[in-house]
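*Asks:* Mapping of the sequence shown onto mature numbering (1 follows the signal peptide of the UniProt record, and there is no 0): residues -26 to -1, 1 to 379, in sequence order.
From the three backbone atoms N, C-alpha and C, an ideal C-beta is built for every residue, glycine too.
Keep in mind the model is a prediction, meaning the values are calculated, not measured.
Got a structure for you, questions after.
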Amino acid sequence: MVKARLFDFKKFVVFVFCLHALLGCADELSRTLDRSEDVVTSNVEIAVLEDDQITEKDNETFFEEPVVLPVHLGPLLAPQKKEATNASSYSIGSYFPVLSDDAVASDSAVSASSSQSQSLLETAEPWSPAIVPFLDAPIDHESKSVNPLTKAEQAHESSKKEVVPAKKLAVDSHPKMPRIAILIDDLGYNRQGMDSSLMLPTEVALAILPSTPFATQTALTAQKQKRITLLHAPMENQRELKLGPGGLYAKMTEHELKATLSKDLDGLPGIQGVNNHMGSLLTTKADSMKWVMETLKGRSLFFIDSLTSPKSVAKKTAQEYGLETVSRDVFLDNIRTEQAIDKQFSRLLKLARQHGSALAIGHPYPETMAYLKKRLNHLEQDGVRLVRLSDLLTTSPSVLTPSEQ
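Dropping the structure here:
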């Protein structure tokens, strides 16, 4: 009996010893696992950090550089994501951003933007509008003193110091920015086109077809508005489309072409320049273009190349004769829908930002008139300025001498 109990006691002691050893091993294992988890966590954090860096590096291709607006429009803009598009797709672009619907910043970009913005807020001076000197606004130069004086000391100091009239600060409302000009073609055939085009901002120029029912009325009304007007000279095209009255053809002799053009010019009072209506054939003919430019030079008129053919020599010839000239960059309304017109207008803004200026040509379609009437009121929000057509004109330093002509 005693032996049996002693045997049971020994088994109990062995059991307790084993249990104690097991608990010790478990505790050591727990510590080892904790250390391993810390290492794994650290490795994971490093891996995540490296992955973020790789992601940011990969995304550099899809992000534009931070955009610095003209100072009157605000501080640095955060980068915006630019999704890859096909070659036929256009967007307003990045400079003063109006992004396409699919241009959305990723989470990492938003985080980076927030971090950058916070850094700017902490380190940079608060943004303020661009300012220019004006006259006579007294400013207390001691208002920002680091060591403020007591009231008695301030009174004593003010009695000794003369308040000097300083220059008043006024907001600069005309900083340098990309410029666009707009020319409306094909006017003169109907009253609706005349009325709607004359309601656009006066910077918009009008090109009037010769010998049309409303040609003279359109020209006279536009000139009362101090608006630039042009002869929209019909020129022969490659598709043999009818030109209407006053057309200029490649088969004409020098005398015939100059006489027809002069008659067209005489029929429109007060015009300042000429551009071609159609003309995909005539503008490629060097002799015909020389005769056109000689006629315009004698009247001190400028020439706009509507660029209806990539082989046009019109602008080059105008420059050779010392005429002020520029060529068209965008046709707004080859497709007469608001969406298509908006796409072309976005392209116009993009070109202006790239090159400093751009010229668009539109027509007096109801869709175009409605779009421009609404859109031109919001240009400054895009950081682009609408200017008169004459502001885009240039001349070439290379001018033909009378003997060369």
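Looking at the structure shown, is S331 part of a helix, part of a strand, or coil, going by DSSP?
*Replies:* By one-based count along the sequence shown, residue 331 stands at place 357. Three-state result, S331: strand.
*Asks:* With a 10 Å radius around its C-beta and 16 neighbouring C-beta atoms as the bar for buried, classify K343 as buried or exposed.
*Replies:* The sequence position of residue 343 within the sequence shown is 369, counting from 1. In the sequence as presented, Lys is not what sits at residue 343; that position holds Met. Buried, because 16 or more other Cβ atoms sit within 10 Å of the Cβ of M343.
*Asks:* Please name the residue in N164, Q197 and K259 whose C-alpha comes closest to that of A179.
*Replies:* Taking the sequence shown and counting its residues from 1, the one referred to as residue 179 is at position 205. Ranking the options by Cα distance to A179, first place goes to Q197.
*Asks:* Determine, using beta carbons only, whether L270 comes closer than 8 Å to chain B.
*Replies:* No chain B appears in the structure shown, which is made up of a single protein chain.
*Asks:* So is F(-12) buried or exposed if we call it buried at 16+ other beta carbons inside 10 Å?
*Replies:* Within the sequence shown, the letter at position 15 stands for residue -12. Burial call: exposed.
*Asks:* By DSSP's criteria, G(-3) is part of a beta bridge. Which residues make up the other side?
*Replies:* Working through the sequence shown from its first residue, we reach residue -3 at position 24. DSSP output for G(-3) lists no bridge partner at all.
*Asks:* If you draw a straight line from the C-alpha of A155 to the C-alpha of L360, how long is it?
*Replies:* Here residue 155 corresponds to residue number 181 of the sequence shown, with the count starting at 1. Here residue 360 corresponds to residue number 386 of the sequence shown, with the count starting at 1. Approximately 6 Å, taken between the alpha carbons.
*Asks:* For the beta strand (DSSP E) containing M252, list its first residue and its last residue.
*Replies:* As a position in the sequence shown, residue 252 is number 278, starting the count at 1. Looking at the DSSP string, the run of the beta strand (DSSP E) that includes M252 is G247 to M252.
*Asks:* Considering Cα atoms alone, identify which of A326, Y345 and T368 is closest to D356.
*Replies:* Here the question's residue 356 lines up with position 382 in the sequence shown. Checking every option, the nearest Cα to that of D356 belongs to A326.
*Asks:* Would the beta-carbon of S185 fall within 8 Å of that of G241?
*Replies:* The residue you call residue 185 lines up with position 211 of the sequence shown. The residue you call residue 241 lines up with position 267 of the sequence shown. Closer than 8 Å, so yes.
*Asks:* In the DSSP assignment, find the alpha helix (DSSP H) that holds H229 and state where it starts and stops.
*Replies:* Your numbering for residue 229 matches position 255 in the sequence shown. Residues E228 to D240.
*Asks:* Are the Cβ atoms of R302 and L275 separated by less than 8 Å?
*Replies:* On the sequence shown, residue 302 is found 328 positions in, with the first residue counted as 1. On the sequence shown, residue 275 is found 301 positions in, with the first residue counted as 1. No, they are not a contact pair.
*Asks:* For R321, does the count of other Cβ atoms within 10 angstroms reach 16, so buried, or fall short, so exposed?
*Replies:* Walking along the sequence shown from the start, residue 321 turns up at place 347. Answer is buried; the Cβ neighbour count reaches 16.
*Asks:* Counting only the same chain and skipping the five closest in sequence on each side, list residues whose C-beta sits under 7 Å from that of S63.
*Replies:* Working through the sequence shown from its first residue, we reach residue 63 at position 89. Caution is warranted here: a pLDDT of 37 is assigned to S63, below 50, making its placement in the model unreliable, and no coordinate value can be reported.
*Asks:* Look at the alpha carbon of K271 and the alpha carbon of Y295, and state the distance between them as a whole number of angstroms.
*Replies:* By one-based count along the sequence shown, residue 271 stands at place 297. By one-based count along the sequence shown, residue 295 stands at place 321. Between K271 and Y295, the C-alpha separation is close to 7 Å.
*Asks:* Tell me which same chain residues have a C-beta within less than 8 Å of the C-beta of E136, skipping the five on either side of it?
*Replies:* For the purposes of this step, residue 136 is taken as residue 162 along the sequence shown, with counting starting at 1. Note that E136 scores a pLDDT of 46, beneath 50, so its modelled location is shaky; the value from the coordinates is reported in the next line. No residues qualify anywhere along the chain.
*Asks:* Could you give the residue range of the alpha helix (DSSP H) that holds T342?
*Replies:* Along the sequence shown, read from residue 1 onward, the residue named residue 342 stands at position 368. Residues P340 to R349.
*Asks:* Looking only at DSSP bridge pairs, what is P208 linked to?
*Replies:* Within the sequence shown, numbered from 1, the residue matching residue 208 stands at position 234. The partner list for P208 (beta bridge, DSSP) reads H251.
*Asks:* Counting along the chain, where does the beta strand (DSSP E) carrying N153 start and finish?
*Replies:* Mapped onto the sequence shown, residue 153 falls at position 179. The sequence given here has Arg at residue 153, not Asn. Segment R153 to L161, the beta strand (DSSP E) holding R153.
*Asks:* Which residue marks the beginning of the alpha helix (DSSP H) containing D261, and which one marks its end?
*Replies:* For the purposes of this step, residue 261 is taken as residue 287 along the sequence shown, with counting starting at 1. Element bounds for D261: A260 to G272.
*Asks:* Please state whether DSSP places T311 in a helix, a strand or coil.
*Replies:* One-based indexing of the sequence shown puts residue 311 at position 337. Here T311 sits in coil by DSSP.
*Asks:* By DSSP, does T192 sit in helix, in strand, or in coil?
*Replies:* Within the sequence shown, numbered from 1, the residue matching residue 192 stands at position 218. Correct three-state label for T192: helix.
*Asks:* With 16 other CB atoms within 10 Å as the buried threshold, where does K259 fall?
*Replies:* To locate residue 259, count along the sequence shown from 1; it is residue 285. It counts as buried.
*Asks:* Can you tell me which of M252, E268 and G167 puts its alpha carbon nearest to the alpha carbon of H229?
*Replies:* One-based indexing of the sequence shown puts residue 229 at position 255. Checking every option, the nearest Cα to that of H229 belongs to E268.
*Asks:* Which residue's Cα is closest to the Cα of D159: E210, F(-18), V248 and M226?
*Replies:* Indexing the sequence shown from 1 puts residue 159 at position 185. Looking at the Cα atoms, V248 is the closest of the given residues.
*Asks:* Helix, strand or coil for D169? Go by DSSP, reduced to three states.
*Replies:* On the sequence shown, residue 169 is found 195 positions in, with the first residue counted as 1. Helix at D169.
*Asks:* Can you tell me whether DSSP reads S320 as helix, strand or coil?
*Replies:* Looking up residue 320 in the sequence shown gives position 346. Three-state result, S320: helix.
*Asks:* Alpha carbon to alpha carbon, how far is E312 from E341?
*Replies:* Position 338 of the sequence shown holds residue 312. Position 367 of the sequence shown holds residue 341. Going from the Cα of E312 to the Cα of E341 covers about 6 Å.
*Asks:* Between D279 and P219, what straight-line distance do the alpha-carbon atoms span, to the nearest angstrom?
*Replies:* If you number the sequence shown from 1, residue 279 lands on position 305. If you number the sequence shown from 1, residue 219 lands on position 245. Spanning the two alpha carbons is a distance of roughly 20 Å.
*Asks:* Would you call the CB atoms of V304 and L366 closer than 8 Å?
*Replies:* For this step, residue 304 is matched to residue 330 along the sequence shown. For this step, residue 366 is matched to residue 392 along the sequence shown. Not a contact, by the Cβ cut-off of 8 Å.
*Asks:* Pull up the distance between the alpha-carbon of M151 and that of K200, whole angstroms please.
*Replies:* Along the sequence shown, read from residue 1 onward, the residue named residue 151 stands at position 177. Along the sequence shown, read from residue 1 onward, the residue named residue 200 stands at position 226. Going by the C-alpha atoms only, they are around 24 Å apart.
*Asks:* Can you grab the Cα-Cα spacing for the pair A189 / L161, in whole Å?
*Replies:* Locating residue 189 in the sequence shown gives position 215, counting from the first residue. Locating residue 161 in the sequence shown gives position 187, counting from the first residue. In a straight line, the C-alpha of A189 is about 7 Å away from that of L161.
*Asks:* So, for L333: in the same chain, excluding its five sequence neighbours on each side, which residues have a beta-carbon less than 8 Å away from its beta-carbon?
*Replies:* Here the question's residue 333 lines up with position 359 in the sequence shown. So the list reads I154, A155, I156, L157, I278, V300, S301, R302, D303, V304, L363 and L366, once near-sequence residues are dropped.
*Asks:* Just to confirm the assignment, what range does the beta strand (DSSP E) spanning A179 have?
*Replies:* Position 205 of the sequence shown, counting from 1, holds the residue named residue 179. A179 -> beta strand (DSSP E) spans A179 to I182.
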